[in-house]
Every structure is written in structure tokens, then in C-alpha cells.
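Some notes on the structure that comes next.
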Amino acid sequence: MNSIAATLKVGNNQLDSYLPVRNKNNNINWQIVTGLVLSYALKRKFDGYNIEQFREDCKTHLLTLIDEPAFWPVLERMYFSSQDIFRVSPLFLLFHAQFDAEKINAGSMADKRLGTLFANLMRGFSLYYPIQDKLNFIEQQMLNKLNEKVKVLGEGPFAEEQPYLPYMVTCFQSDLAFLADHPQYLLQELTNTLRLYAFSWCAQLALNLDNWRDGEPQSKSLFFILDTEKASSERDQIKRFGYKWFASQSEKLFPILSALEVLQWGKGSKKRPLWQVYQDALNDSGPNSQTLNNLNNYLQDFIEDRQLPARDRATNLEDAFKQLLSVAVEQFQGKKSERASVNRKYINELENQICTDFIQVRGRAGKVLVLNQDWLLLLTNLTIGKSKKLRLHELLSGFKQRGFYLDNQSTQMLVAFYERMGNVERMSDSGDAVYVRKTV
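Set out below in C-alpha cells:
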């Protein structure tokens, strides 16, 4: 098989993989996304069975078990009218993801794109079914009734993509396994965990776009402040590798990822990251590379179609890929052009739908990346995971693997926050001797 598509045709810019937002219609229902992720993780689903049908089945079943029929309205108010049924066990969250055979029949396209993103972070990974809960008699009876309707889900309707950020796969699967060991915490924080990863994925994807020659990506510096801090312009790392760094890189997401679509093998094939496509092209190339010739022909056609300045044909694959990405970005640079407007919509949708929880406007400092106390506690618990505690530097290293960096000033504020929470152990005055315990 060729390392890139056999036929490269110049057309409209299209994006079908890796980025979960489009330039419009990105209405995300995080309940549905949570249900899709849990269905995929447990390899279980409901086919055309909804919460109203379940309520009637529970009523019929429980009335055969309880002595007083008048008690059912009490149970109905406790669990169904109040929606507290979704706080009983993670398995009830499966109702948020409705399937029809191998198709998802609820949710927006944005929900389904996020489902695909997370499914590809979980390929080859699953959680033990059923999750072991501590339930009372009534709740266990409800769960037993639920299990009668649960069906097996295979790989599901999620298009297969080779993960762009393999290191994030490791973190995500580890964090899901930790949450599954604490079912009530999973109920409380699974949606927030997905929001955290959706942001980090998109941010780290943007920061890694330019490193396609280096093989598998690594976590890139992206600095946050705590929401209780002031945003000082004197903090070099915040200034250089904070919001402005992310914003400038995110402008390349649609141009480069749409250029990548042109190189993919075709409909139904497994999507590959740019760094993998480049490695495949290198491995497939010879002294008279057909791949290089195809790329050059495409580039010349593209430059002419987009009315860009002429360029010489590339003499090697690296230069051809450089030229491809250069013209892909350049076509969007006319500020008043329609293409520039489309790209700006992508950036705005990304910030408004995925990043809004992590961006604040701080007066003269402008926009900054921020972690509030809820995000910090979640990130702390996920990073410590199945350990009882971690040294501070180990914890911060885990933060970085998940895409969240703190400078020295924020680290000091973080330790003060942990001390107020009471989950710090100090062995000495040395920073290395600070241990942090999880709060779960």
C-alpha cells in the first residue's frame, strides 16, 4: 500500500478526524458524551430501551417485592422524578447513550465526534463489567432489572483513528481504571474528567502540529495559573507558554489537519497522524519516489488553485511536507478572505465549546489559562490514582503528562492549597519531601 493516498486532488478544505469541533453546530451534551464513553469502556449498551421503559419495569418488579403498594410513589419520587437514579450506579449512565444496533441514535454530531475521540483513546482497553457498587436492597433490585436489558457493544460505530498523542492514551486509560475502582467518584467526576481531557487533547494537539518530523509526540509546555492568583506579566513561562502560545498554535489546527485529510488512504481506512504519515512516507521512499512526485504535482496544482506565490518543486520528502503545510496555512492568511473567516470560526468554536472552563480574562493581562480548585482536586486525584500518595515533583510530572504545567509561583500556591485541604505530609523543609495524598 502507498504511504499516502494514490490520487491527490485539490478541493475544498475538509476536516474529518482528530479535532472534535467544526466551524458551527457544536452543541455538546456532556451527558450523552459520558454515556457513549462509558458504553465503550464497559462494552455494553442499550438498544432502544429508555429510562421511561425502565421506570415501568422497576414498578412492575418492585410491586411484587414490597408489601405496601403505596410505597412505590415514594420510590418513584426518590429515584426517577428527582433524577437521582443517575446517582446510584455508573451503569445507569448508559441510558444517556442510546443505540440502534451499531448506530448511535441520540445526540449531536459534536457528541459523536467526542465519542470517537475518546473511543480511540480506549482502543484495546475496557473496564470490568459490572462495576462493583455498594447498593441497598431496592437499588440492587433496580440494577438487576437493568442488567436484563443490557447488551454487548463491540467496537461500536466509532471510526478508527491512530491516536495522535499516544502518551495521552496511557494517562486516560489509567485514569479511567482508577475511577472505576471508586464508583461513586466515577459518578461524580467522569463527565469532568472527559471535559478535562477534551481540552488537554485539543491544546496538546495544537502544540504538537509542528513536530511531525520527530516521531511520536511528547507533552508540550502549557502553563496555567491558579484561579486565586494574580496574572503578572513578569512571569516568563506564563507569558511565553500560556494562553497566547496555545492561541497562536490553534490557528493551525484546521489548515494542517485538513491538509492531512488529503494524504489519508481513503474512505473506511484507519486515519493516521501527520507524524505517522511522514514516517510511512520515509520508509516507503526510494531514489525515484512516486510519493514525492505525487506530492509535488499536488502542490503545484494547489498553489495555482489558491493563487499563492509560485514555489519550486521539492527535492526530498521533508521539503515536500514542509511546503504542503506552509501553503495549507498560507491560504488562510488573507484576513478579509472567506477562508480566514472559516478558520476564525473554528478557533472561536474550540474556545467556546471545549476550552471555556480553562480560560479567563484578567484585565491588562488579557486571557490566561487557569485551573480552579475543583479542577486541581480532580487532576490531583487522577494523577495519584491507585497510589496512596506521591511526592510533589512526581505529582507535577503527572500533571505535565496530562498537559498541565505550573511555574514555581503557582507550585507554591498549590502546596498552600493542599495544606488547607489537609492532604499534605511534610518530611522536612525540602520541596522533595512534600507528599500529597488523594482525597478519594
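Per my numbering, the very first residue in the sequence shown carries number 129; after that it's consecutive. The C-beta atom is built at its ideal place from N, Cα and C for all residues, glycine as well.
If we require 3 or more residues per run, which beta strand (DSSP E) segments fall completely within the stretch 186-234?
226-228, all fully within the stretch 186-234.
Does DSSP put residue 289 in a helix, a strand or coil?
strand
For residue 559, which three-state DSSP category applies?
With a pLDDT of 49 at residue 559, under the threshold of 50, the predicted position of this residue should be treated as unreliable, though the coordinate-derived value follows. Helix at residue 559.
For the stretch 460-472 against the stretch 320-335, do three or more pairs of beta-carbon atoms, one drawn from each stretch, fall closer than 8 Å, so that the two count as touching?
These segments do not touch.
First through last residue of the alpha helix (DSSP H) which encompasses residue 434
Segment: none, residue 434 is in no alpha helix (DSSP H) and carries neither H nor E.
May I have the straight-line CA-CA distance separating residue 499 from residue 439, to the nearest angstrom?
45 Å
Proximity below 8 Å, CB of residue 203 to CB of residue 197
In this structure, residue 203 lies away from residue 197, with their beta-carbon atoms at least 8 Å apart.
Threshold first: 3 residues or longer. Then list the beta strand (DSSP E) segments lying entirely within the stretch 439-518, N to C.
487-489, 495-499
How far does the beta strand (DSSP E) with residue 338 in it reach, from first residue to last?
Element bounds for residue 338: n/a, residue is neither H nor E.
Quick one: grab the DSSP three-state call for residue 353.
strand
With C-beta atoms as the reference, is residue 96 less than 8 Å away from residue 456?
Past the edges of the chain, shown from 129 to 568, lies residue 96, and the structure says nothing about it.
In terms of residues, what are the limits of the beta strand (DSSP E) holding residue 173?
172-175
When you compare each of 289, 159, 510 to residue 393 by their alpha carbons, which one comes out closest?
289
Is the distance from the Cβ of residue 149 to the Cβ of residue 481 below 8 Å?
yes
Classification of residue 237 by the beta-carbon crowding that lies within 10 angstroms, buried from 16 upward:
exposed
Reference residue 513; option with closest CA among 520, 566, 186
566
Residue 479 burial status per 10 Å Cβ neighbour count (16 or more: buried)
buried
Would you please state the rounded distance, in angstroms, between the beta carbons of residue 217 and residue 263? I believe it to be under 8 Å.
7 Å
Contact between the stretch 485-494 and the stretch 418-429 is defined here as three or more beta-carbon pairs at a separation below 8 Å; is this criterion met?
Flag = no, the stretch 485-494 and the stretch 418-429 do not touch.
Please report how far the alpha carbon of residue 225 lies from the alpha carbon of residue 432, in whole angstroms.
46 Å
Would you call the stretch 339-349 and the stretch 293-300 in contact, with 3 or more CB pairs under 8 Å?
Short answer: they touch.
Same chain, Cβ closer than 8 Å to residue 142, five either side skipped, listed in chain order:
Correct list, in chain order: 386, 389.
First through last residue of the alpha helix (DSSP H) which encompasses residue 552
Where residue 552 is concerned, there is no enclosing alpha helix (DSSP H), although the beta strand (DSSP E) it sits in stretches over 552-554.
Whose C-beta lies closer than 8 Å to the C-beta of residue 427 among residues of the same chain, with five residues either side of it excluded?
439, 441, 442, 448, 451, 452, 455
Roughly how many angstroms separate the alpha carbons of residue 140 and residue 311, rounded to a whole number?
46 Å
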